[in-house]
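Q: Residue numbering for the sequence shown follows this note's numbering, starting at 21 and increasing by one per position. Let me begin by handing over the structure; questions about it come next.
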Amino acid sequence: MKPSNAVLAAMAIAVAIFLFGGGLYLIIVKPYPAVYYGGRFLFVYPQLSEQWVSDSLIAMTLFAFGVIGLLLMYQSTKYAYNPRQAYLVFMMGAALVIISYISVEAIIRYWKGV
21 MKPSNAVLAA MAIAVAIFLF GGGLYLIIVK PYPAVYYGGR FLFVYPQLSE QWVSDSLIAM
81 TLFAFGVIGL LLMYQSTKYA YNPRQAYLVF MMGAALVIIS YISVEAIIRY WKGV
């Protein structure tokens, strides 16, 4: 029994998000989930040299939001007969892509100090 193309595509996207988010690093290094330092919990490692589990989960979540946004933008092309619905779906997808991109950039620039 051959899996459908949609299932194969979903699996490929999930593997890509896992790898881009640092999943392989988590399996090999086994870092801490988070650290209690200076009277507060740190969920994002303050440098680019290492990462914690929460770093990877945040990155994977943001990458997933970006992919969902791109899929929504693609799906909006199927509503050509209803321009209002196509516009709303496209704008929701674009908003997800922009929010995820800005969030990843903010984490890299402000929390990681790059």
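The C-beta atom is built at its ideal place from N, Cα and C for all residues, glycine as well.
Helix, strand or coil for Leu62, going by three-state DSSP, please let me know.
A: Taking the sequence shown and counting its residues from 1, the one referred to as residue 62 is at position 42. Reduced to three states, the DSSP call for Leu62 is strand.
Q: Going by C-alpha to C-alpha distance, which of Met111, Leu68 and Ser76 sits closest to Leu92?
A: The sequence position of residue 92 within the sequence shown is 72, counting from 1. Closest in C-alpha terms to Leu92, from the list Met111, Leu68 and Ser76, comes Met111.
Q: Under 8 angstroms by Cβ, that's how I've got Ala84 and Ile122 pegged, so tell me the actual separation to the nearest angstrom.
A: Working through the sequence shown from its first residue, we reach residue 84 at position 64. Working through the sequence shown from its first residue, we reach residue 122 at position 102. Contact doesn't hold; Cβ gap of about 16 angstroms is too wide.
Q: Write down the C-beta distance between Val87 and Ile33 rounded to the nearest angstrom, noting that I regard them as a contact closer than 8 angstroms.
A: To locate residue 87, count along the sequence shown from 1; it is residue 67. To locate residue 33, count along the sequence shown from 1; it is residue 13. With 8 angstroms as the limit, Val87 and Ile33 qualify as a contact, their Cβ atoms being about 6 angstroms apart.
Q: Identify whether Tyr56 lies in helix, strand or coil by the three-state DSSP scheme.
A: Sequence index remark: in the sequence shown, residue 56 carries index 36 (1-based). It is a strand residue.
Q: Exposed or buried, Pro76, counting other C-beta atoms within 10 Å across all chains shown (16 or more means buried)?
A: The sequence position of residue 76 within the sequence shown is 56, counting from 1. In the sequence on display, residue 76 carries Ser and not Pro. Buried, since its Cβ has 16 or more Cβ neighbours within 10 Å.
Q: Secondary structure at Gln67, three-state DSSP: helix, strand or coil?
A: Counting from 1 along the sequence shown, the entry for residue 67 is found at position 47. Reduced to three states, the DSSP call for Gln67 is coil.
Q: Just how far apart, CA to CA, sit Arg129 and Met21?
A: Sequence index remark: in the sequence shown, residue 129 carries index 109 (1-based). Sequence index remark: in the sequence shown, residue 21 carries index 1 (1-based). Using only the alpha carbons, I get a separation of about 47 angstroms.
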